[in-house]
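Comments concern the structure below.
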Amino acid sequence: MRNKGTKYGIILLLLILALTGANLLFGSVNIPAEAVWHILTGNEVEKASWSFIVWESRLPQAITALLCGMALASSGLMLQTTFNNPLADPSILGISSGASLGVALVMLAGAGTITAGVFTLSGFLSVIIGAFIGSMLVMGIILFFSTLIKNSIMLLIIGIMIGYITSSAISLLNFFATAEGVHSYMIWGMGNFGRVSLQQLPFFSLVAAAGLLITILLIKPLNALLLGTRYAENLGINIRRTRNLLLLATGLLTAVTTAFCGPISFIGLAVPHIARLMLGTSNHNSLLPVTMLTGGAIALLCNFICILPGEAGIIPLNAVTPVIGAPIIIYVIVNQRKIQYFN
Amino acid sequence: MLSVLLLSACGGRSKTSSVIEAEETIPLRYAENLSLSATEDYTIARLRNPWDTTRILHTYVLVDKEKSLPADLPEGTLVRTPLSKAVVYSSVHCGLLNQIGALKSIGGVCDLKYIKLQEVQDGCRTGSIADVGNGMNPDIEKIIDLHPDAIMLSPFENSGGYGRVEKLNIPIIECADYMETSALGRAEWMRFYGLLFGQAQKADSLFAEVEKNYHELKALVAPLSSAPSVISELKNGSAWYVPGGKSTSARIYADAGANYVFAADEHSGSVPLSFETVFDKGQNADFWLIKYNQAIDKTYKELEQDYAPYTGFRAFKERNIYGCNTGKVDFYEDSPFHPDRLLKDLIKIFHPTLLEGYELKYFTKLAE
Amino acid sequence: MEKQAVITATDLCIGYRTHKGEKKVHEHLSFRLYPGELTSLLGANGAGKSTLLRTLSASQPSLAGELQLLGKPLQQYSEKERSRTIGVVLTDKTQAGGLTVYELVALGRQPHTGFFGRLHSKDRLIIKEALEAVGIAHKAKSYTAELSDGERQKVMIAKALVQECPLIILDEPTAFLDVVSRIEIMTLLHRLAVEQNKAILLSTHDIEQALVLSDKLWLLSKETGLQCGGTEDMILNHRMDTLFSHSNIRFDYDHGIYYPTVNGKQKITVEATDETLLHWTINALNRHGYTCLPSEKKNRNMPHLLALSPDKLTLIREGETQTYPSFESLLAQFN
Chain V
0 MRNKGTKYGI ILLLLILALT GANLLFGSVN IPAEAVWHIL TGNEVEKASW SFIVWESRLP
60 QAITALLCGM ALASSGLMLQ TTFNNPLADP SILGISSGAS LGVALVMLAG AGTITAGVFT
120 LSGFLSVIIG AFIGSMLVMG IILFFSTLIK NSIMLLIIGI MIGYITSSAI SLLNFFATAE
180 GVHSYMIWGM GNFGRVSLQQ LPFFSLVAAA GLLITILLIK PLNALLLGTR YAENLGINIR
240 RTRNLLLLAT GLLTAVTTAF CGPISFIGLA VPHIARLMLG TSNHNSLLPV TMLTGGAIAL
300 LCNFICILPG EAGIIPLNAV TPVIGAPIII YVIVNQRKIQ YFN
Chain F
0 MLSVLLLSAC GGRSKTSSVI EAEETIPLRY AENLSLSATE DYTIARLRNP WDTTRILHTY
60 VLVDKEKSLP ADLPEGTLVR TPLSKAVVYS SVHCGLLNQI GALKSIGGVC DLKYIKLQEV
120 QDGCRTGSIA DVGNGMNPDI EKIIDLHPDA IMLSPFENSG GYGRVEKLNI PIIECADYME
180 TSALGRAEWM RFYGLLFGQA QKADSLFAEV EKNYHELKAL VAPLSSAPSV ISELKNGSAW
240 YVPGGKSTSA RIYADAGANY VFAADEHSGS VPLSFETVFD KGQNADFWLI KYNQAIDKTY
300 KELEQDYAPY TGFRAFKERN IYGCNTGKVD FYEDSPFHPD RLLKDLIKIF HPTLLEGYEL
360 KYFTKLAE
Chain U
0 MEKQAVITAT DLCIGYRTHK GEKKVHEHLS FRLYPGELTS LLGANGAGKS TLLRTLSASQ
60 PSLAGELQLL GKPLQQYSEK ERSRTIGVVL TDKTQAGGLT VYELVALGRQ PHTGFFGRLH
120 SKDRLIIKEA LEAVGIAHKA KSYTAELSDG ERQKVMIAKA LVQECPLIIL DEPTAFLDVV
180 SRIEIMTLLH RLAVEQNKAI LLSTHDIEQA LVLSDKLWLL SKETGLQCGG TEDMILNHRM
240 DTLFSHSNIR FDYDHGIYYP TVNGKQKITV EATDETLLHW TINALNRHGY TCLPSEKKNR
300 NMPHLLALSP DKLTLIREGE TQTYPSFESL LAQFN
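Protein chains in written order, with numbering that gives the first Met the number 0: chain V, 0 to 342; chain F, 0 to 367; chain U, 0 to 334.
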């Protein structure tokens, strides 16, 4: 089993490399491959705008897609194992709903501005902060309940309820907002890997990396949780502490991806299943790394599809992810009797 | 009196035989989707469908209230003029009506929060003008209660009807002026509205003034040999919606003596492009015009935070960005029927040496 | 030779704490659990077996009294120490269908491995030995989802083994298994207890096999609390009688099973050529509502059955004698 994991790991790394290359080579503007190579190796090219496009637009977008994919896929896997629910995804605990509410408050109620005392922020920064505060708040609420409640199902229900309440609040905000605000919010809701600039990339990468690191630390407890909480406790796992770490990791990963890229659907739900089907195991030692890499590859693929129309325009991200994700889920549901990890 | 009321009450959609009297065309020079012609007894307005120009959007037959209803009327929606109690959905039209002296004919408005006209705000407060709520979903009861003689709203493609208001037997005036592709074309519709509200003369002379100003301004830039390049709008999500090459914005840039970077484009609406494409073509544009709606005005710093690659544009580096905060400036309410004012602003921006002493009305240079 | 007890309980009170207060299930329990033997916990449903096992495996706290594990109070054990001392085998459903047998058993090494649960050669050796000990080594590479229920139980036992705990607690390990698997598992557990000197405690409803293969019996009932002792001692001291308060069942001391009380309205005397034939003849007659009396009580007013062999059954009733070639034909005429 370990060999299979390594084999897939290498294949995925190569795939990621290839897809990153594809994302750098293709775009709405036709830049010849040689030129892209020259640009990346620090040489001059005939059009200065090309260099700018590759460094400031395509490269940050590719890296953002890669990190988002890894973050969302890992979150999805952790949640599916911890809550013993194959349909769990990062939105299930209401954290991305919290982010959406934060953004809605900024865009719809605050007219794109946050004012705190003498401190006023506008534009994209206010959106990011709104999303972060919203998701951190929900994460805090869930963590609080996690310390009180031992039963994971109860926690799940609380998360889902928070999701419904935030949905209703967002509906209200939309109803009373201006047409422009509603349009802006809707556009944000379509998901977009291209908003993170080169300057913002370090911060984005740092937070994502922190979340991914915590996730890796949870491999051993996640394996124990496959047996259920009673067995896991007997193996020495502290259920509450594990769950709190899980919530922290998921919170960070979901907050940072939603804040910078909007709510992205399906990757967190479908990629763990893709990884499980490929590897044929539930063992997180190989499943988690493969899930991360697959998530990165899928996100890069989606991003590539979005820019495929080239001159003709672009496709919004959340229109592409379900096309890849939904067939996988349907396949899993239809074939669940034959799939060993469902038994 | 009672008979007139009865007649107008059931006159909403009277269709009689299509008899063609000798019609005299009222010439319109710029509006493409509107045609007006008059006979002794009535005036006909034919609105062409902007989304399918082979079809007619709506035909209106305007008959003076004072006159008796002629026996044979052509097919179309009957409107007894002048309108004295109309429900006006849009603040743009409220503004126009005020200028042609038809303010007292406004009986109700929608989306009150967007209407900056003080008289309307006051009227709603005192109750002389009814607030019928949201344009997307108006308060039917209030409209019925008002007994208006017309409803003025903006049509949109594949609208699928206007909901319950259609069933009220009140003439719905589909104001398709915004779909015109030239600035003067849109403004010329004021002549139609003038006819509706019994202020034809005032509307005609207002338009003549606008037209005159527009051409005078246009003549200012005609002899110039060089034209600066211009891009507009901002990236929204993954798409940067730019005005199409045949849109009103593109044409007015040309009239103002500027080279619009996407002038070759064939669309008359907005086109979603990727950042790369806009950057590739517009990196070296001289000027950059943006419109936005925020509580506080945008700054260069904020633009940088919004999306750092904006700093790569020459207009950014040389600080030639002009912004219009539509939340504070009456851009959308004012400019449609006064394209001359917008043209003046644009000329001042593109050719600062002209129009000495003129202060920009809509746009301001972006602050740091 | 004094064996050191693995568990020592003194005046223990077990039960639940709810927000309303305490619910005591049993109090003043004192008992010991020894290594090197298999102990079976028997009792009716609701007698408190699960509560007791959960308290002993530290899943739930005791309400009062002392509970010591290897000489140290149980509540003083850290999570890690506990995981190395107590192994459990439960009836819980798991998500582990996608793990191979080897991987699942390997999870049992978690209390001993480092951060990522990486296995060293020592761990692999222990896993290999456990798989062989329970007899599932040939399926090491199969997915647990593909195993039968009996095989899956063996895997869970192997997992508990690799935890290297002196105490293993099993909650109804043979539930849902067929008789072959049941005997297999009980035999296995007994062998492990003796060979590896572990204290193995299990709760079960399979009284038959418990009496055959356990060294010690713990009988738990609401009325009489907990009684512990050697299997044969408990049986022959008639402790099995009071285990179930139901008046409609009796314990058969010869055969080690419970059977329904006979209150047949009709009486019949029975005589047979050997013990086995006599037993099953009485079994058949009891089932048909007859109380059987020994042949000494023979008299003319009662029917008498003489069983010479399974195919020669002579019934003497109201002066009439009839011989039947099988029980089926004999019993048919009673209807």
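Positions of the beta carbon are idealized from the N, C-alpha and C atoms, including for glycine.
All values reported here derive from a predicted model rather than from experimental measurement.
From this set, T58/F, D51/F and T52/F, which residue's C-alpha is nearest A44/F's C-alpha?
It is T58/F.
Of the residues that make up the segment 3 to 37 of chain V, which ones have a beta carbon closer than 9 Å to any beta carbon in chain U?
Going along the segment 3 to 37 of chain V in chain order, one finds no residue with a Cβ nearer than 9 Å to chain U.
If you run the structure through DSSP and keep just helix, strand and coil, what is S46/F?
Checking the sequence, you will find Leu at residue 46/F rather than Ser. Three-state result, L46/F: strand.
So with Cβ pairs under 8 Å, would you call S170/V a contact of chain F?
It does not: the Cβ of S170/V has no partner Cβ on chain F nearer than 8 Å.
Would you tell me roughly how many angstroms separate the C-alpha atoms of N212/F and P31/V, rounded to the nearest one?
N212/F and P31/V: Cα-Cα distance of roughly 49 Å.
Any beta carbon of chain V sitting closer than 8 Å to that of G86/U?
Closer than 8 Å: yes.
Output needed for K364/F: all residues of its chain with C-beta closer than 7 Å, excluding positions within five of it in sequence on either side, in chain order.
Y321, listed in sequence order.
Could you check whether the Cβ of L287/V sits closer than 8 Å to any Cβ belonging to chain U?
By this cut-off, L287/V is not an interface position.
Touch check for the segment 269 to 277 of chain U and the segment 235 to 242 of chain U: three-plus C-beta pairs under 8 Å?
Too few Cβ pairs lie closer than 8 Å, so no.
Mapping DSSP to helix, strand and coil, what is C291/U?
Residue state, collapsed to three classes: strand.
Report the CB separation of E367/F from T298/F in whole angstroms; it is logged as a contact under 8 Å.
The Cβ separation is near 6 Å, so the contact holds.
If I'm right that A129/U touches L160/U with Cβ under 8 Å, what's the distance once you round it to whole angstroms?
Indeed they touch by this definition, with Cβ atoms about 4 Å apart.
In three-state DSSP terms, what is H403/F?
Nothing about residue 403/F can be read from this structure; chain F reaches only from 0 to 367.
Taking any Cβ of chain F, which residues in the segment 48 to 62 of chain V have a Cβ under 7 Å from it, in chain order?
Taking 7 Å as the Cβ-Cβ cut-off against chain F, the residues of the segment 48 to 62 of chain V that qualify are S48, F51, I52, E55 and S56.
Buried or exposed: W50/F, going by 16 or more other Cβ atoms within 10 Å of its Cβ?
Classification for W50/F: exposed.
Strictly under 8 Å for the Cβ-Cβ distance: is N317/V near chain U by that measure?
With 8 Å as the cut-off, N317/V does not count as an interface residue toward chain U.
With a cut-off of 8 Å, do at least 3 Cβ pairs link the segment 286 to 304 of chain V to the segment 163 to 180 of chain V?
Segments in contact, no.
Which bits of chain F does I313/V rub up against, with CB to CB less than 9 Å?
By Cβ distance, chain F contributes S237, A238, P271, L272 and S273.
Once the 5 residues before and after F131/V are set aside, which same chain residues still bring their CB inside 6 Å of it?
For F131/V, where only same-chain residues beyond five positions count, the Cβ hits under 6 Å are A254 and A258.
Can you tell me the Cα-Cα spacing of I141/V and P85/V, whole angstroms?
Computed Cα separation, rounded: 20 Å.
Using 10 angstroms around the beta-carbon of K347/F, count the other beta-carbons present and answer buried if the total reaches 16, otherwise exposed.
Classification of K347/F: buried, given that the 10 Å Cβ count is 16 or more.
Do you know whose CA, among G107/U, K311/U, E317/U and I315/U, lies nearest S325/U's CA?
Of G107/U, K311/U, E317/U and I315/U, the residue nearest in Cα terms is K311/U.
Any idea if A101/F is buried or exposed, counting beta-carbon neighbours within 10 angstroms, 16 or more meaning buried?
Buried is the call here.
Rounding to the nearest angstrom, what Cα-Cα distance links S73/V and C305/V in this structure?
Computed Cα separation, rounded: 23 Å.
Determine the DSSP secondary structure at D130/F, reduced to helix, strand or coil.
Here D130/F sits in strand by DSSP.
Residues of chain U with a CB under 8 Å from the CB of I218/V: which are they?
Those are F115 and G116, listed as they occur along chain U.
Using the three-state DSSP reduction, which class does I167/U fall into: helix, strand or coil?
Three-state result, I167/U: strand.
Going by DSSP, what residue range makes up the alpha helix (DSSP H) through P308/F?
Unbroken run through P308/F: none, as it is neither H nor E.
Would you say L234/V faces chain U, with C-beta separation under 8 Å as the test?
Output row for L234/V: interface = yes.
Rounded to whole angstroms, what's the CA-CA distance from L11/U to F144/V? Just pull it up for me.
The alpha-carbon atoms of L11/U and F144/V are separated by roughly 33 Å.
Can you say whether N302/V is buried or exposed, counting buried as having 16 or more other CB atoms within 10 angstroms of its CB?
Result: buried.
Would you mind telling me which residues of chain U sit closer than 7 Å to L225/V, beta carbon to beta carbon, in chain order?
Correct list: T93, Q94, A95 and L98.
Is the separation between the beta-carbon of L201/U and that of L188/U shorter than 8 Å?
Cβ atoms of L201/U and L188/U: closer than 8 Å.
Taking the C-alpha atoms as reference points, what is the distance between K290/F and E232/F?
Roughly 6 Å between the two C-alpha positions.
Can you list, in chain order, the residues of its chain whose CB lies under 6 Å from that of P335/F, leaving out five sequence neighbours each side?
Result list for P335/F: V91 and R185, in chain order.
What three-state label does DSSP hand A72/V in the structure shown?
Of the three classes helix, strand and coil, the one that applies to A72/V here is helix, per DSSP.
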